[in-house]
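For reference, the structure discussed in these notes is given below.
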Amino acid sequence: MLADVRRFEDFELDANACRLSRNGQIVRLERIPLELLCLLVEHCGQTVTRDEILERIWGKGVFIDSENAINTAIRKIRRALGDDADAPRFIVTVPAKGYRFIAPVAAADGDLKDLTNTEPVSNKAAPEPADAAEPVPPIFDTTPGEPERSNSWLTILLRPRRLMLAASVIAVASIALVPHLWRKEQHSLPPIQSPENPCKLKSGMPSIAVLPFTNLSGDPKQEYFSDGISNQLIEDLSHLPGLFVIARNSSFAYKGKSMKEPEIGRELRVRYLLEGDISKAGDRVRIGVELVDASSAAEMWTQRFDRPLKDIFALQDEIVSKVVTTLGLLLRLDQTTEAIFRNFRMTDNLEAFDDYLRGREYNSRWTKEDNAKAKYWAKKATELDPHFAEAYTLMAWTYFNDVWNQWDSNYLADFSHAHEFAQRALALDDSEGDALALITELDWL
46 MLADVRRFED FELDANACRL SRNGQIVRLE RIPLELLCLL VEHCGQTVTR DEILERIWGK
106 GVFIDSENAI NTAIRKIRRA LGDDADAPRF IVTVPAKGYR FIAPVAAADG DLKDLTNTEP
166 VSNKAAPEPA DAAEPVPPIF DTTPGEPERS NSWLTILLRP RRLMLAASVI AVASIALVPH
226 LWRKEQHSLP PIQSPENPCK LKSGMPSIAV LPFTNLSGDP KQEYFSDGIS NQLIEDLSHL
286 PGLFVIARNS SFAYKGKSMK EPEIGRELRV RYLLEGDISK AGDRVRIGVE LVDASSAAEM
346 WTQRFDRPLK DIFALQDEIV SKVVTTLGLL LRLDQTTEAI FRNFRMTDNL EAFDDYLRGR
406 EYNSRWTKED NAKAKYWAKK ATELDPHFAE AYTLMAWTYF NDVWNQWDSN YLADFSHAHE
466 FAQRALALDD SEGDALALIT ELDWL
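The opening residue of the sequence shown carries number 46 in my numbering; numbering runs sequentially from there.
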């Protein structure tokens, strides 16, 4: 029998234990999304229809809002994997049908292989709402196991239109629904079989990973700045047409690790690596950058910059322009790097940008105390630049974190603040995706 553990990129999926890990660290994912991930990996390269997902994960005879439940599970999987629905590395949406897992998959002790697509599991069509509108799951989960982070009673109380009906909903549901929905026994999916042909990822375009830049300031408190600039370069490069950029979650897994470029390139399955170091002192910033061909560890471009801190935005643009030139990316006449990034520049206020980077760093730590610090720095950023859409988005997410994790007893006020700041971010920039995603979450709570 084949092993039940499967590997893709830097993730390992144990089907029997229903466990996902990345570089040995457990990735938190609820049971429903985890079982769905197992199902998609089991049929790697094949389209799994929404009807098949519903029958396999929830079983026959269970009445749920299937579209909402499946969309929510897919969204949680993508978030856990650091995947992007618009430029997927793992899961693609097959319109009007279902989903397909596209990353190379291997046994835990085997090599990743390029896979070719096989015939779809089924041609049955099912309605496919847009991923951007994926809501949160139904009040009652349909399987036992690990609970959702928000309790059922809290979810109900947060639904403004249902405040007056909360008690009756709980009472009726407890009597009528729970015995039926919880009838399904706890189980794991059957062992994942190796597909005859692994999935083939996008080809024909250069691929790159931006590794976390090293903080050379000698001050650990400056780590937020080096990480923030690295993350900004990832976001800037991702806007370039014709370039495949590895997500932050995957590239930042190599922070602090001593590994050779060819090894990292093989694990991330990219041709190029952008790495460097940063030192910020006073009103000066020094950045060393190196673009490496991961297949041979050959330097393609290297340069050191010593600039006034106020020029950090122009310096980011210059680094990206050098990558474009070195890799020979072909842009249309109206797609100069300056034109591309003019629309994506967050703020011209350096102090607000610095505060935003601090807040973003604290927000990534996912604790009550750090969330409060993230809220503080995001608020400062908005005070310095009232037109800083991303800072309002960050502030909105900190309030949502309070609600989601029950870090504050004033749930309704936190809910209201999250909605208010997300709406303000969208009013400033209607393309602000994180704010739009949060609005979608809030509208279904």
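We put the CB at the ideal spot given by N, CA and C, even for glycine. Since this is a predicted model, take the numbers as computed values, not measurements.
DSSP, reduced to helix, strand and coil, places Met345 within a strand of the structure shown. Taking the Cα of Ala426 as reference, the smallest distance to any Cα among Ala417, Ala397 and Leu439 is reached at Ala397. Between the segment 418–433 and the segment 273–286 there are fewer than three inter-stretch CB-CB distances shorter than 8 Å, so the stretches are not counted as touching. Contact between the segment 474–485 and the segment 435–448 is present: 3 or more CB-CB pairs across the two stretches fall below 8 Å. Using a Cβ-Cβ distance cut-off of 8 Å, the segment 299–308 and the segment 262–269 are not in contact, since fewer than three pairs of beta carbons, one from each stretch, lie closer than that value. For the options Ile115, Thr92, Phe135 and Glu112, the alpha carbon positioned closest to that of Arg123 is the one of Phe135. Cβ neighbours of Asp328 within its own chain (closer than 8 Å, five residues either side excluded): Pro353, Leu354 and Lys355. Taken in chain order, the whole beta strand (DSSP E) runs of length 3 or more contained in the segment 405–479 number zero. Taken through DSSP and simplified to helix, strand or coil, Thr94 comes out as strand.
Of the candidates Tyr317, Tyr269 and Trp346, the residue whose Cα lies closest to the Cα of Ser324 is Tyr269. C-alpha of Thr259 to C-alpha of Thr347: approximately 15 Å in a straight line. Between the beta-carbon of Asp55 and that of Arg67 there is about 5 Å, and that keeps the pair under the 8 Å contact cut. Between the C-alpha atoms of Arg95 and Leu395 there is a straight-line separation of about 47 Å.
In terms of Cα proximity to Ala118, the closest of Glu80, Leu473, Ala342 and Met391 is Glu80. Residue pairing by DSSP puts Glu335 in a beta bridge opposite Glu320 and Thr347. Residue pairing by DSSP places Ser283 in no beta bridge whatsoever. Taking the Cα of Asp272 as reference, the smallest distance to any Cα among Pro431, Leu126, Ala62 and Arg293 is reached at Arg293. One thing to note: Phe53 has its Cβ no nearer than 8 Å to the Cβ of Ala141.
Residue pairing from DSSP places Ser66 in a beta bridge opposite Glu57 and Ile71.
A Cβ-Cβ distance of about 5 Å is found for the pair Arg316 and Ser252, placing them in contact under the 8 Å criterion. Beta-carbon to beta-carbon, Tyr437 and Val448 are separated by about 17 Å, too far to satisfy the 8 Å threshold. Secondary structure of Val290 (DSSP, three-state): strand.
Under the three-state reduction of DSSP, Phe146 is assigned to strand. DSSP places Ile136 inside the beta strand (DSSP E), whose first and last residues are Ile136 to Val139.
Distance from the CA atom of Asp400 to the CA atom of Gly310, rounded to whole angstroms, is 33 Å.
Only buried fits Pro78, as 16 or more other CB atoms lie within 10 angstroms of its CB. Distances from the alpha-carbon of Met250 to those of Leu372, Asp459, Gln468 and Ile98 put Leu372 closest. Cα atoms of Gly301 and Glu97: separation of roughly 42 Å, rounded to the nearest angstrom.
When DSSP states are grouped into helix, strand and coil, Ala151 belongs to the strand group. Listed as beta-bridge partners of Ile253 by DSSP are Val290 and Tyr317.
One alpha carbon belongs to Asn408, the other to Asp415, and they sit about 6 Å apart. Annotated three-state conformation of Asn116 is helix, per DSSP. For Arg101, there is no enclosing alpha helix (DSSP H), as DSSP gives it neither H nor E.
By the Cβ-count criterion, Lys413 is exposed, with fewer than 16 other Cβ atoms from all chains shown falling within 10 Å of its own Cβ.
Per DSSP, reduced to three states, the secondary structure at Lys305 is coil, with no helix or strand assignment. DSSP, reduced to helix, strand and coil, places Ala132 outside both helices and strands of the structure shown, so it counts as coil.
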